[in-house]
Amino acid sequence: MINKIKDVVKRYDELGLKLSQSEIVSNRKKFTKLAREHSSLEDLVTIGKIFILKSDQLEEFEDVLSGDDEELKELVKEEIDELKDELESLEEKLKVLLIPKDPDDDKNTILEIRSGTGGEEAALFGGDLYRMYMRYAERRGWKIELMSLSESENRGVKEAVVSIIGKGAFGDLKFESGVHRVQRVPATESSGRIHTSAATVAVLPEAEDVDIEVNDADLKIDTYRASGAGGQHVNKTESAIRITHIPTGLVVTCQDETSQHKNRDKAMKVLRTRLYEVEQERLHKERADARKSMVSTGDRSAKIRTYNYPQGRVTEHRINLTLYKLDSIMDGDLAEIIEALKIEEQKVKLSSA
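Count along the sequence shown from 1, add 10, and you get the number used in the numbering used here.
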């Protein structure tokens, strides 16, 4: 393990030197890529250096124990067990830190919520999920930017696309992709019968200019008049934007802003992110023989969680976790579920390392 850590420290130092070179600083794409790698190694290098220092100290103590100085031996015996415990603890931390990190984890994220089976009740549940994620983002101190929102008659959410900006946003929320199921008595149900509805959540790492290049010649951009609530500009100015990516057929619309320019910027952000996802899926298919994690983070057809209102419980099906704290979870207290999913993912990666 020490040799691995030394290699990482060497790489970290090399990256630090490169980031100070003028030819790297002037190349935005290369600088961003190297800066991300440098930042991702920081925790590993910090703990790794302590581990190397303590390992060297243990070697010195063991040399003393094999020597003739009895007084020094007694002093070392008092400290050697404590030192071994420290090294064991550090080694466990390093095992986790040495697991290859998803390079997208520290990125901002695009969160998409769509109501599924269940009609108006599914849309109301979509609205509940939307508020739950917004509250979680607020708790984490992340910035929220609404990209598009389609509401139902009773102010439920048929579809919402949100940009969440903050370090680690994708790394935390990536586990939320999939089908979320709700079991409860709808407000519109007079007989008190429990209904089951569903909504789909997709979480994508926000693509930046350095991740994917979009050729203007591949875009068809249409403007039209916005519809729905939004102020005087609605139906009077062509501020809404529809962008079609001709090679893939992907279509993105945005009408949330009064400014055509702002709507275009937002639509381009979503388009780049979806194109990035297409590219990632292509790469994943090429590596189909690679290990598959038991913690699904991308299958939108998989039922991942059930919210049961009569029993006040939330069940996370992928790791068989049930929590009887539905109210606090719906208020954005997702930390316990997300942490449990992260730990499970680490266990899987460690077992296959």
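For every residue, glycine included, the Cβ atom is placed at its ideal position computed from N, Cα and C.
Exposure label - residue i; buried when at least 16 CB within 10 Å
| i | result |
| --- | --- |
| Ala250 | buried |
| Gly128 | buried |
| Val35 | exposed |
| Lys87 | exposed |
| Lys313 | exposed |
| Pro215 | buried |
| Leu75 | exposed |
| Tyr143 | buried |
Straight-line gap, residue i to residue j (C-alpha atoms, nearest Å)
| i | j | result |
| --- | --- | --- |
| Leu260 | Lys230 | 11 Å |
| Leu44 | Leu29 | 7 Å |
| Thr283 | Ile60 | 39 Å |
| Asn225 | Asn273 | 19 Å |
| Ser361 | Ser99 | 18 Å |
| Glu248 | Glu287 | 30 Å |
| Asp343 | Tyr146 | 6 Å |
| Glu52 | Arg150 | 22 Å |
| Asn245 | Tyr234 | Caution applies to Asn245, whose pLDDT of 47 falls short of 50 and renders its modelled position unreliable; the value that the coordinates give is listed next. When rounded, the distance between both Cα atoms is 9 Å. |
Nearest-angstrom Cβ-Cβ length linking residue i and residue j, presumed shorter than 8 Å
| i | j | result |
| --- | --- | --- |
| Phe185 | Thr119 | Not quite, the Cβ-Cβ distance comes to about 12 Å (not below 8 Å), so this is no contact. |
| Tyr22 | Val192 | Actually they are not in contact, since the Cβ atoms of Tyr22 and Val192 sit about 46 Å apart, beyond 8 Å. |
| Met281 | Ile253 | Reading off the sequence, residue 281 comes out as Leu, not Met. That belief holds up - the Cβ atoms of Leu281 and Ile253 are roughly 6 Å apart, short of 8 Å. |
| Ala350 | Leu331 | 5 Å |
| Ala197 | Ser125 | 15 Å between Cβ atoms; not a contact. |
| Glu289 | Lys276 | Glu289 to Lys276, Cβ: 21 Å. No contact. |
| Lys111 | Ser49 | Not really, about 11 Å apart at Cβ, beyond 8 Å. |
Spatial neighbours of residue i in its chain, beta-carbon cut-off 6 Å, leaving aside the 5 residues before and after
| i | result |
| --- | --- |
| Val213 | Thr119, Leu121, Leu183, Lys184, Glu186, Ser187 |
| Gly137 | Gly166, Val167 |
Same chain only: Cβ atoms within 7 Å of residue i, ignoring 5 sequence neighbours per side
| i | result |
| --- | --- |
| Gly58 | Ile15, Val18, Val19, Leu104 |
| Ser65 | Ile12, Leu97 |
| Ile348 | Asp182, Phe185 |
First through last residue of the beta strand (DSSP E) which encompasses residue i
| i | result |
| --- | --- |
| Lys318 | According to the sequence as given, residue 318 is Asn; it is not Lys. It spans 313 to 318 - the beta strand (DSSP E) in which Asn318 sits, taken as one unbroken run. |
| Thr254 | 250 to 255 |
| Ala179 | No beta strand (DSSP E) contains Ala179, which is instead part of the alpha helix (DSSP H) from 179 to 183. |
| Lys153 | 153 to 161 |
| Ala208 | 205 to 215 |
Start-to-end residues for the alpha helix (DSSP H) that takes in residue i
| i | result |
| --- | --- |
| Ile12 | 12 to 28 |
| Ile90 | 80 to 107 |
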